[in-house]
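Comments concern the structure below.
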Amino acid sequence: MPAPGTAPEFDLRGYLLGSWGVARTLLDRATGTRGTFTGVVRFTPLTRADGTTNNQDDDGGLRFREEGTIAWPSFSGEPFTGPASREYLLRPTGARATMDMFFPDGRPFHRMGFGPNSNHAQHWCDPDTYQVGYTLIGPDDFRYRWDVTGPAKDQLIESVLHRITGTPA
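Mapped onto the numbering used here, the consecutive letters of the sequence shown carry residue numbers 13 to 181.
Here's what the structure looks like:
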């Protein structure tokens with residue numbers, strides 16, 4: 013039991029586990045181009061290469077898998093609507109309230125959290141800078157915002173996630 017006047021540390025992994033609906037807006041500020049992404053994000057425990065899990069192998073990490081439909085103008089300017097997906101790996105940091113996010117190949121991306129000292133991160137992806145901010149809306153809702161600036165990109169990407177209830181992780 014925590015000491016009087018203190019709250020237990022937020023369990024980010026426990027909060028994220030499961031399936032979430034995602035709605036995203038995309039803005040290319042350089043051209044004024046706008047797009048959307050809608051789909052599902054699944055946060056699942058990491059599994060071994062053979063697809064099995066074992067409590068002894070579970071280091072507390074999560075797979076962040078997103079699948080859905082993107083609507084964005086193509087290079088020719090014609091509207092494109094089609095499937096899109098991406099994946100990240102989340103690893104424990106030693107604090108339950110944060111997790112480190114990695115690309116699938118193991119390259120670090122940023123630290124994820126909702127606390128006042130962990131809800132903002134920066135990632136430099138040559139030649140641009142990604143400013144990432146997370147906001148906890150409620151027990152079943154959160155959002156994040158990527159503000160990408162640099163010589164190659166000038167984009168604002170905003171995502172809102174809502175827990176899908178009654179679905180297995």
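A virtual CB, placed ideally from N, CA and C, is assigned to each residue, including glycine.
Keep in mind it's a predicted model, so treat the numbers as computed, not measured.
Asked, Found
"What residues match up with residue 169 in a beta bridge as DSSP calls it?", "38 and 158"
"Once DSSP output is grouped into helix, strand and coil, what is the label at residue 73?", "coil"
"Among residues of its own chain, excluding the 5 on either side of residue 172, which ones have a beta-carbon nearer than 6 Å to its beta-carbon?", "35 and 155"
"How do the region 38–48 and the region 115–135 stand: do at least 3 beta-carbon pairs fall below 8 Å, yes or no?", "no"
"Would you tell me roughly how many angstroms separate the C-alpha atoms of residue 92 and residue 84, rounded to the nearest one?", "5 Å"
"According to DSSP, is residue 25 part of a helix, a strand, or is it coil?", "helix"
"Thinking residue 121 and residue 135 are a contact (beta carbons under 8 Å), I'd like their distance in whole angstroms, please.", "6 Å"
"Can you tell me whether DSSP reads residue 108 as helix, strand or coil?", "coil"
"With DSSP collapsed to three states, give me the class of residue 55.", "strand"
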